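Undergrad: Provided herewith is a single structure, encoded as structure tokens, for subsequent inquiry.
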Amino acid sequence: MIPNSSVSRRGFLGLAGGLGVAAALAGCGTSGGSSSGGAVTGTSVAVLPSTAPATWNAVLAKVNGKLKGDLGFELDAQFINWSNYQQQSLLKFTAGEKFDSALQALWLNMAQLQQSGSLADLTNEVGKYKNLSATLPKKLLEANSWDGKLWGIPQVNSAARVQHFVIRQDLADSLGFSTITDFEQLERFFYAVKQKNDGTVAYGAASNSGYLHALPVPTGMFNAASWENPDTIARAFSGKGMFFLLAKDAAKTGSTAPKAFWDDEGVVDALHRIRKYYNDGIINADALNTDAATLKSQWTAGKYAAGWAMTDGTSSNSLSTLQKAVPSAALANIMPLTGGLSAKPNQTFQADNMVVVNSKGGHLDRSLQLQDWLSIKENHDLITYGIEGTDWEPAEGNKFKPLNDYAFPGYALSWRTSLERKSLSISPTEEKIFDWAQNFDNFTLDPLASFIPDTTPVKQQVAAMSNVITQFANPLFYGVVDVDDQLDKLKKAADGAGVAKLQEEMEKQANAHVKKQS
Amino acid sequence: MQQRMTTHKENPVDSAVPVYRAHARQSRKQRSRGSGVLLLLAAPGIAWFLIFAYAPMAGLIVAFKNFDVSKGIFNSPWSGLDNFKYFIESGDAPAIVLNTLVLNVLFLAATLGAGLALAIMLNELRARVFKKFMQSAIFFPYFVSPIVISIILQVILAGAGGHGGAVNDALGLFSLPEVSWYTEPGPWPWILTIVKVWQLGGYMSVIFLAAITSIPEDVYEAAMLDGATRARMALSITMPLLKPTAAILIVLGVGRIFYGDFGTIFAIIGDNGTLFSTTDVIDTYVFRSLRTIGDFGTTAAIGLFQSVVGFILVTAAVLIQRRYSKESSIL
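So the sequence lines, in the order shown, correspond to chains S and X. So the first sequence is numbered by my numbering: it starts at 10 and just counts up by one. So the second sequence is numbered by my numbering: it starts at 12 and just counts up by one.
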């Protein structure tokens with residue numbers, strides 16, 4: 010017999026309410042610690058993108074043994090896969106988690122975090138750490154300061170960042186293109202690869218980076234005008250999304266007159282060129298659905314004749330894996346600037362990656378002590394290349410020979426221009442470009458270099474336009490749709506999303522910045 | 012009986028009241044002890060729901076706040092309905108809501124239909140080992156990760172590098188032109204429906220098969236004596252008796268009709284904007300917005316909107332079911 014089992018409604022509500030209040034109180038509680046003075050102990054938690062390197066445990070044990078002996082604390086690197094890094098790292102700040110530092114960037118959420126007070130102000134801190142200061146050139150710190158304030162330690166291994174091409178030199182040689190110096194020659198090489206018809210696709214592109222094909226930053230991969238005159242850097246409110254091109258003579262006239270990227274002749278010409286490439290089979294037709302990891306595996310399997318490269322000296326690193334699939338493979342880097350390496354492209358000298366210190370749950374001194382410790386060559390080499398003799402061995406000319414697949418994301422913690430070693434497999438062309446990118450004097454400081462737009466007044470328009478760009482502009486950046494028809498759709502959707510307000514706000518802020526600088 | 016009546020006649024009230032009171036006291040005591048035991052038994056479940064389902068709902072207030080990372084959810088300033096305005100005024104809302112509903116109705120109808128058909132076919136198989144093998148084989152896709160499904164689909168529809176693929180090769184055999192599947196939004200609701208049927212058809216069939224086993228054998232024997240064919244029995248006995256199971260699955264499905272099966276759709280479509288016009292659903296929109304703008308307020312507002320409409324739909328589905336098919340109603 011089961012007795013009447015009705016549970017008192019009042020009792021149930023009481024229990025539920027009690028637990029709810031307890032949970033709410035727990036949620037309202039202190040959400041994080043704060044920096045404290047005194048002796049530095051404990052563990053410095055660093056939030057890093059990508060995955061732990063193959064022999065990370067052994068390297069970390071060695072790092073921590075030395076770090077504990079030198080400074081009295083240890084390192085705990087928390088790796089988050091790139092595909093989730095943006096949301097998860099933001100959540101860590103939001104939830105008031107206790108960690109010292111994280112990788113941030115303008116193209117992630119750095120502006121949002123800075124504007125909300127989540128980042129520690131490092132302006133007057135770096136100077137207190139001598140090893141760190143010694144590895145950060147004054148120009149680099151100036152370029153990475155926002156309105157005179159430094160919010161992160163720039164992680165760079167070169168002074169400038171100019172996107173360009175890495176190509177299969179073995180294919181180029183076999184097709185009669187042993188030296189490629191300009192964009193026109195490069196285009197002919199693409200079509201020669203296509204005509205050879207052996208299944209190799211001329212250029213491999215990955216999803217989520219299509220804007221780099223058309224927009225000048227200062228070079229756009231398929232923007233021929235930008236290779237002729239690399240003097241414009243397109244701007245967006247949150248580093249990505251809706252880009253505007255500002256007047257080149259803004260510093261003189263005081264008027265930045267931003268125009269939407271679709272109103273720029275060079276960009277529209279690039280969009281038509283990309284469409285032609287897509288129709289002619291020059292770029293991979295599945296680029297919109299190909300993630301970076303898949304593209305990398307296809308590249309090292311020898312499926313493509315060319316790909317994207319940055320002036321960080323790392324594109325030759327894929328050669329050893331590529332040669333397993335194609336033993337005769339050779340790589341070369343092509344910077345098809347009309348004026349060659351003397352073209353002096355515009356640069357903001359802003360780092361693509363910064364180590365920021367968590368102002369709520371982080372320990373400022375410990376974070377910077379770690380950065381300082383990593384600015385010593387021996388420590389830098391240990392974390393960046395692994396254990397000497399096991400993971401790498403030194404080679405002539407400040408180079409290193411990798412002995413296994415150890416690959417630490419140095420760009421997220423330990424990159425220092427003066428301490429970096431080049432890979433022994435670096436191609437002569439990449440070495441030349443990498444060396445060129447080390448010198449600030451090879452570039453022109455962009456008139457709006459330190460301009461960081463504030464997203465707060467147009468938060469909703471930025472969000473709405475971000476969706477519009479994904480839906481209507483991305484297909485254009487990969488050439489999968491008719492340009493004129495899609496541009497009409499894009500403009501219509503942009504009007505609805507409030508692009509006029511974004512343009513107006515960009516102009517207001519950029520003009521104010523120029524006025525302040527003059 | 013006579014004796015009892017006499018007793019009642021002799022002392023109808025005085026003797027009955029104390030007995031009733033004693034019973035009432037005992038029964039109240041038993042009830043309260045029983046309630047306590049049941050409450051204790053239910054406590055872990057209640058606690059689980061409170062902690063993991065209801066307490067986190069406190070975070071929903073972020074939908075009404077101008078979220079500030081450094082201030083957190085509870086200390087950020089209130090913003091009224093501004094976050095809802097973003098979704099409603101963006102112009103995306105009607106298309107996304109429509110996509111969510113259309114895709115889920117297609118998924119629900121197709122998976123239920125396929126599950127029912129597969130269950131009836133499996134039920135007709137007499138070779139036990141073959142039946143078990145077939146059951147396992149059609150159930151297997153349920154365990155395949157959406158990422159693997161997306162890769163399989165790419166090979167079938169686009170091939171390496173975006174050209175070719177098994178379907179295009181087949182079209183070529185009939186001298187038909189190659190289709191660039193990943194840039195044509197039109198066929199995608201159907202492609203996704205086929206994927207869902209492949210993924211969930213076997214799973215649904217197992218639920219229907221379990222219900223079929225509860226149909227008494229006598230009913231089929233009687234039909235056989237009347238000369239009914241297997242097809243007639245399936246149509247006139249099995250299918251009508253599976254109505255309550257189908258009704259439960261429909262109500263459960265309607266309850267989730269505003270949830271766009273994020274895993275499968277995002278794994279297959281990703282950020283391919285050309286396909287958004289027919290495939291972008293609320294979940295993928297929310298995820299993309301969160302990933303690209305990092306604003307929890309607006310994304311939580313869309314999520315809350317999704318939950319409220321979902322709740323209204325499931326309530327409506329239950330009420331309609333009660334009205335038209337009370338015997339198969341679950342609530």
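Just so you know, even glycine gets a beta-carbon here, dropped at the ideal spot from N, CA and C. Just so it is clear, the structure is predicted and the values come from calculations on it, not from any experiment.
Between Q332/X and chain S, is the shortest Cβ-Cβ distance under 8 angstroms, so that the two count as touching?
TA: Cβ-Cβ to chain S under 8 angstroms: no for Q332/X.
Undergrad: If you draw a straight line from the alpha carbon of E189/X to that of D180/X, how long is it in whole angstroms?
TA: Each residue's alpha carbon lies about 8 angstroms from the other.
Undergrad: May I ask you to report which of helix, strand or coil DSSP gives H173/S?
TA: It is a strand residue.
Undergrad: Under 6 angstroms Cβ to Cβ from A31/S, same chain only, skipping five residues before and after it: list those, please.
TA: Because the pLDDT of A31/S is 41, which lies under 50, any placement of that residue in the model is unreliable, and the number read from its coordinates should be weighed accordingly. Closer than 6 angstroms at Cβ, skipping near neighbours: no residue.
Undergrad: Let me see if you follow: with CB-CB separation under 8 angstroms, is T285/X close to chain S or not?
TA: Closer than 8 angstroms to some Cβ of chain S, the Cβ of T285/X qualifies, so yes.
Undergrad: Let's test the definition: count the other Cβ atoms within 10 Å of the Cβ of V319/X and tell me whether it reaches 16, buried, or not, exposed.
TA: That one is exposed.
Undergrad: Using a beta-carbon distance below 8 angstroms, is N476/S in contact with chain X?
TA: Yes, N476/S lies at the interface with chain X (some Cβ there is under 8 angstroms from its Cβ).
Undergrad: Using a beta-carbon distance cut-off of less than 9 angstroms, what residues from the segment 182-194 of chain X approach chain S?
TA: The residues in question are S191, Y193, T194.
Undergrad: Nearest to N476/S by alpha carbon, out of L184/X, R302/X, V262/X?
TA: Among L184/X, R302/X, V262/X, the Cα nearest to that of N476/S belongs to R302/X.
Undergrad: DSSP three-state label for P152/X, please.
TA: Three-state result, P152/X: helix.
Undergrad: Compile a chain-ordered list of the residues in the segment 457-470 of chain S whose CB is closer than 7 angstroms to at least one CB of chain X.
TA: So the list reads K468, Q469, given in the order they occur along the chain.
Undergrad: Quick one: measure Cβ to Cβ for L592/S and K268/S, integer angstroms, because I've assumed they're closer than 8 angstroms.
TA: Residue 592/S lies beyond the stretch modelled for chain S, which goes from 10 to 527, so this question has no answer here.
Undergrad: What residue does the alpha helix (DSSP H) around L150/S start on, and which one ends it?
TA: 147-152 is the extent of the alpha helix (DSSP H) around L150/S.
Undergrad: Can you check whether the CB of Y415/S is closer than 8 angstroms to the CB of P163/S?
TA: Result no, Cβ atoms of P163/S and Y415/S do not sit closer than 8 angstroms.
Undergrad: With three or more C-beta pairs closer than 8 angstroms as the rule, is the segment 478-487 of chain S touching the segment 209-221 of chain S?
TA: In short, these stretches touch, since the Cβ pair count reaches three.
Undergrad: Which residues bound the alpha helix (DSSP H) around A259/S?
TA: First-last of the alpha helix (DSSP H) with A259/S: 259-262.
Undergrad: Report yes or no: do three or more beta-carbon pairs, one from the segment 416-428 of chain S and one from the segment 290-300 of chain S, lie closer than 8 angstroms?
TA: Touching, no.
Undergrad: Do the segment 201-212 of chain S and the segment 432-446 of chain S make contact, defined as three or more Cβ pairs closer than 8 angstroms?
TA: The segment 201-212 of chain S vs the segment 432-446 of chain S: no contact.
Undergrad: Report yes or no: do three or more beta-carbon pairs, one from the segment 115-123 of chain X and one from the segment 263-274 of chain X, lie closer than 8 angstroms?
TA: The segment 115-123 of chain X, when compared against the segment 263-274 of chain X, does touch it at the 8 angstroms Cβ threshold.
Undergrad: Please identify, using Cβ separations under 8 angstroms, the residues of the segment 199-224 of chain X that lie next to chain S, in order along the chain.
TA: Taking 8 angstroms as the Cβ-Cβ cut-off against chain S, none of the residues of the segment 199-224 of chain X qualify.
Undergrad: Residues in the same chain with beta-carbon distance under 6 angstroms from F277/X, minus the five sequence neighbours each way, listed in chain order, please.
TA: These residues qualify, in order along the chain: T295.
Undergrad: Strictly under 8 angstroms for the Cβ-Cβ distance: is Q146/X near chain S by that measure?
TA: Taking Cβ atoms only, chain S never reaches closer than 8 angstroms to Q146/X, which makes this a no.
Undergrad: Does the beta-carbon distance from A258/X to L127/X come in below 8 angstroms?
TA: No, Cβ-Cβ distance for A258/X and L127/X is not below 8 angstroms.
Undergrad: Checking contacts by CB at 8 angstroms: is Q96/S closer than that to chain X?
TA: Yes, Q96/S counts as interfacial toward chain X.
Undergrad: Do V217/X and L164/X have their beta-carbon atoms positioned less than 8 angstroms apart in this structure?
TA: Contact: no.
Undergrad: Note down the Cα distance separating I11/S from I293/X, rounded to an integer number of angstroms.
TA: Reliability of the predicted coordinates at I11/S is poor, the pLDDT of 36 falling under 50, and the value obtained from them is presented with this limitation in mind. Each residue's Cα considered, the two are about 46 angstroms apart.
Undergrad: By the 10 Å Cβ neighbour count, where 16 or more other Cβ atoms means buried, how is M235/X classified, buried or exposed?
TA: Flag for M235/X reads exposed.
Undergrad: When you compare the CB positions of G370/S and G105/S, do they come within less than 8 angstroms of one another, or not?
TA: It is a contact, given that the beta carbons lie within the stated cut-off.
Undergrad: Using a Cβ-Cβ cutoff of less than 6 angstroms, which residues in the same chain neighbour G170/X once the five nearest sequence positions on both sides are dropped?
TA: G176.
Undergrad: Quick check on D494/S: does DSSP put it in helix, strand or coil?
TA: Residue state, collapsed to three classes: helix.
Undergrad: How about T399/S and L412/S: are their beta carbons less than 8 angstroms apart?
TA: Result yes, Cβ atoms of T399/S and L412/S sit closer than 8 angstroms.
Undergrad: Within 10 angstroms of its Cβ, does Y335/X collect 16 or more other Cβ (buried), or is it exposed?
TA: Exposed is the call here.
Undergrad: Please list, in chain order, the chain S residues whose beta carbon lies closer than 8 angstroms to that of L136/X.
TA: Under the 8 angstroms cutoff, chain S gives no residues; its nearest Cβ is about 39 angstroms from L136/X.
Undergrad: Is it right to say F307/X is buried, meaning 16 or more other beta carbons lie within 10 angstroms of its own, or is it exposed?
TA: Buried, by the Cβ-count rule.
Undergrad: Measure from the C-beta of V9/S to each C-beta in chain X and report whether the shortest distance is under 8 angstroms.
TA: Past the boundaries of the shown model lies residue 9/S; chain S is included only from 10 to 527, so the question cannot be answered.
Undergrad: Interface residues of chain X around L122/S at Cβ under 7 angstroms?
TA: Per Cβ cutoff of 7 angstroms: V80.
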